[in-house]
Amino acid sequence: KIDVEPVFGFLKANLRFTRFSVRGKSKVENEMGIALMAVNLRKYTANKDQLTKNNGEKWKKENLSWLKFSFFLF
402 KIDVEPVFGF LKANLRFTRF SVRGKSKVEN EMGIALMAVN LRKYTANKDQ LTKNNGEKWK
462 KENLSWLKFS FFLF
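Numbering (our numbering), first residue to last: 402 to 475.
Quick look at the structure:
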């Protein structure tokens, strides 16, 4: 089971993202994608700092390819 609500709480509390600034479904989807990408990048950088201390270069190579892939999804 995945808990989705903390992501939206984080957007609202920490990034002050409470409403969309555009109209139209496609534009709202794009803006939401950018906001969620910002959340994922914050998580990525926080985890990167912790895991590079433990695993070193192996972790960097694996997750760099994941980051490139997730960037092109949006």
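Ideal placement from N, C-alpha and C gives every residue a C-beta, glycine not left out.
Apply the 10 Å Cβ neighbour rule to residue i and answer buried if 16 or more other Cβ atoms are within range, or exposed otherwise.
i	result
Phe409	exposed
Given a cut-off of 8 Å, decide if residue j and residue i are closer than it, judged by their beta-carbon atoms.
i	j	result
Glu432	Val423	yes
Phe418	Val429	no
Ala436	Leu416	yes
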